[in-house]
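Just so we're aligned: 229 in numbering that gives the first Met the number 0 is position 230 of the sequence shown, and the numbers increase by one with no gaps anywhere. Below is one structure, written out as structure tokens, with a few remarks after it.
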Amino acid sequence: MTTAHKFNKLFDKSLPETLENVQPYWLPAEMKPLADDVSLITYVTEDRIDAFLELAERWQGPISATIHLVSPSNPFPSETKSLLYRLRSLHTSNPTLKRYADIHLIITPPSPRPVSLPHNLDRNLARLFARTEFILFTTPDTVPATNVQQTIRTHADVFHPRLRLGDVFVLPTFAYTPDSSAAEPEDPRRQIPTSKSTVISLVAHGEMGLLDNHWKLNTGPTCYDHWKDAESVYPVEEYEFHYEPVVIMSRDASFWCPERFMENKAACLYGTYLSGGEFWVLPDDFMIKVFELKEPELSKFESTIANRMYNKFHWEMCVHYARQLDSLDLWDTPRAKHAKVLCARVLQNWGRGLVGGTD
0 MTTAHKFNKL FDKSLPETLE NVQPYWLPAE MKPLADDVSL ITYVTEDRID AFLELAERWQ
60 GPISATIHLV SPSNPFPSET KSLLYRLRSL HTSNPTLKRY ADIHLIITPP SPRPVSLPHN
120 LDRNLARLFA RTEFILFTTP DTVPATNVQQ TIRTHADVFH PRLRLGDVFV LPTFAYTPDS
180 SAAEPEDPRR QIPTSKSTVI SLVAHGEMGL LDNHWKLNTG PTCYDHWKDA ESVYPVEEYE
240 FHYEPVVIMS RDASFWCPER FMENKAACLY GTYLSGGEFW VLPDDFMIKV FELKEPELSK
300 FESTIANRMY NKFHWEMCVH YARQLDSLDL WDTPRAKHAK VLCARVLQNW GRGLVGGTD
């Protein structure tokens, strides 16, 4: 069986042509990480290589990254060969990449029109080949401002058991406001606050805000008012199925990204929450969004289809996890509290009679 056949079987919800050229560990890291360390999981495209280098420099730890290129193949054109040579040279010459970064390569054929690349697939591949038990999902535009690895190591007796049970830890993400003077310099990535007190001051002066995508600054489920005074982890109390924070999670105990969506990080986390996983917000560690990644814009029709697909996914997941929890005799335990709250309307209508208590 060829490698392409194996990946098509493994990722059976992905388009077959996206898996014709996949090379795990195309550029392997020299260092073998500790099994219970945290790997940074990300994906990189041709226009984000420089951002990835900066992300790696700030992380200084294990990395599992999928580099996704678009190119004809058999044979590769000279431009693609030159880019691959550049990537290999960067990995060899950059001490951080050479030491810490496992690079997995995907090359997909060009599309007749601009579309988003299958980044949920990219995330799953990077996660599958991560060499540590715990992982942190992010993108090259969002970098760690604090030493997250040290936080996890210092409190391993608290964090590790929860992660292994399927809980996740949220790293609040902060972004400069559009009219912030702090984001004016030529390279805004230099303006990365590293202390909680500095972030609180910037927010108070309107220079920065807590960013939860789909919500206005400082109004999302991560809850800035709670975070600014928090001295210990606290649970996300206003979870909603569009919530897509940066998280630390178990590589093996949490839900994987559904590949029916090209790019939908919220879908990657939804199953974890429905199955009973708790989302805990870290009080002193955080991420900074340093710039905005540009994706191909969807037409109004495409946006409508994507939204309808995700709503259908919500219904499907509600029924799936309600049935699973009920079959494991967990429906009347605290493990089912998230499914009961988020899926009440779905189970009363679409899933009537499926589990105990829904008639």
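Where a beta carbon is used, it is the ideal one built from N, C-alpha and C, also for glycine. Here the structure is a predicted model, which is why all the values come from computation and not from measurement.
Three-state secondary structure (DSSP) of residue i
i    : result
V232 : coil
Q190 : coil
D140 : coil
W58  : helix
C342 : coil
P184 : Because the pLDDT of P184 is 48, which lies under 50, any placement of that residue in the model is unreliable, and the question is left without a value.
Y309 : helix
P216 : Contrary to the premise, residue 216 reads as Leu rather than Pro in this sequence. In this structure, L216 counts as coil in the three-state DSSP scheme.
L33  : coil
T145 : coil
W330 : coil
S302 : helix
F133 : strand
C256 : coil
First and last residue of the uninterrupted alpha helix (DSSP H) at residue i
i    : result
A266 : K264 to L273
A100 : No alpha helix (DSSP H) contains A100, which is instead part of the beta strand (DSSP E) from A100 to T107.
P177 : From DSSP, P177 is part of no alpha helix (DSSP H); its letter is neither H nor E.
S92  : S77 to S92
Y223 : Y223 to W226
S200 : K195 to A203
L127 : H118 to L127
Residue from the options with nearest C-alpha to residue i
i    : options             : result
C342 : D328, N310 and F285 : N310
T193 : H154, V147 and D251 : V147
L68  : H118, A100 and A34  : H118
E206 : I287, F240 and H213 : I287
Beta-ladder partner(s) of residue i, from DSSP
i    : result
L68  : I106
V169 : V246 and V280
K363 : The structure shown does not extend to residue 363, since the chain spans only 0 to 358, so no value can be given for it.
S63  : I40 and D101
Distance, residue j Cα to residue i Cα
i    : j    : result
H103 : Q22  : 6 Å
F51  : Y84  : 17 Å
W58  : R344 : 42 Å
P282 : K227 : 8 Å
L26  : Q347 : 51 Å
L82  : N123 : 24 Å
P143 : L54  : 8 Å
T153 : P74  : 50 Å
V169 : E78  : 40 Å
R339 : L273 : Reading the sequence as shown, one finds Lys at residue 339 and not Arg. Each residue's alpha carbon lies about 9 Å from the other.
V235 : D325 : 24 Å
L201 : Y233 : 23 Å
S365 : K97  : Nothing about residue 365 can be reported from this structure: the residues present for the chain run from 0 to 358 only.
S70  : E258 : 21 Å
P184 : Q190 : Residue confidence for P184 is low, a pLDDT of 48 falling below 50, so the modelled location carries little weight and cannot support an answer.
M308 : H213 : 17 Å
N-terminal and C-terminal residue of the beta strand (DSSP E) that residue i is part of
i    : result
L162 : Where L162 is concerned, there is no enclosing beta strand (DSSP E), although the alpha helix (DSSP H) it sits in stretches over A155 to R163.
L39  : V37 to V43
Y209 : Per the sequence presented here, residue 209 reads as Leu, with Tyr not at that position. Taken as a continuous stretch (DSSP letters only), the beta strand (DSSP E) holding L209 covers M207 to L209.
P23  : V21 to L26
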